[in-house]
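Student:
Below is the structure:
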């Protein structure tokens, strides 16, 4: 695996008093706030933050944290699948 951290992006929103991760078209079209976050998971650094509506700071922090956790989960899942596939390839090649 690369020693460099890969950037992951995730979006979260706030609709009907509920923070939501990875909004679908209907949720996104309903007019709630939408926050897109890009992070470097291994470095725990935010590289992108975009919001399309104003939110009170406490709600914003909850929605942003949800997006960050989503990014970390996606990165973890991708890493797991990549390692499994690499091991299968090694077995097939007899390495």
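Numbering (this note's numbering), first residue to last: -11 to 83. Heads up, the beta-carbon is just placed ideally off N, CA and C, and yes, glycines get one too.
1) I'd like the list of long-range same chain contacts for residue 56, defined as Cβ closer than 7 Å, with 5 residues on each side in sequence excluded.
2) Would DSSP call residue 18 helix, strand or coil?
3) Please classify residue 64 as buried or exposed, where buried requires at least 16 neighbouring CB atoms within 10 angstroms.
4) Less than 7 Å separating the beta-carbons of residue -4 and residue 29?
5) What do you get for residue 2, buried or exposed, if any count of 16 or more other CB atoms within 10 angstroms of its CB means buried?
6) Using a Cβ-Cβ cut-off of 7 Å (strictly less than) and excluding sequence neighbours within five positions of residue 47, which residues of its own chain qualify?
7) Can you tell me the Cα-Cα spacing of residue 81 and residue 36, whole angstroms?
8) Pull up the DSSP beta-bridge partners for residue -1, would you.
9) By a C-beta neighbour count over all protein chains shown, 10 Å radius and 16 as the cutoff for buried, is residue 165 buried or exposed?
Tutor: Taking the structure as given:
1) Taking the chain shown and counting its residues from 1, one reaches residue 56 at position 68. Within its own chain, the residues whose Cβ lies closer than 7 Å to the Cβ of residue 56, once the five positions on either side in sequence are excluded, are 25, 27, listed in chain order.
2) As a position in the chain shown, residue 18 is number 30, starting the count at 1. If DSSP states are grouped into helix, strand and coil, residue 18 belongs with coil.
3) Residue 64 sits at position 76 when you count from the first residue of the chain shown. That one is exposed.
4) Counting from one through the chain shown, the residue named residue -4 turns up at place 8. Counting from one through the chain shown, the residue named residue 29 turns up at place 41. With respect to the 7 Å criterion, residue -4 and residue 29 are classified as neighbours on the basis of their beta carbons.
5) The count along the chain shown starts at 1 and reaches residue 2 at position 14. Flag for residue 2 reads buried.
6) The residue given as residue 47 occupies position 59 in the chain shown. Excluding sequence positions up to five before and after residue 47, its CB lies within less than 7 Å of the CB of 2, all in the same chain and listed in chain order.
7) Stepping through the chain shown from its first residue, residue 81 is reached at position 93. Stepping through the chain shown from its first residue, residue 36 is reached at position 48. One C-alpha to the other measures close to 40 Å.
8) Working through the chain shown from its first residue, we reach residue -1 at position 11. Residue -1 pairs with 24.
9) Here the chain has residues from -11 to 83 only, and residue 165 is not among them.
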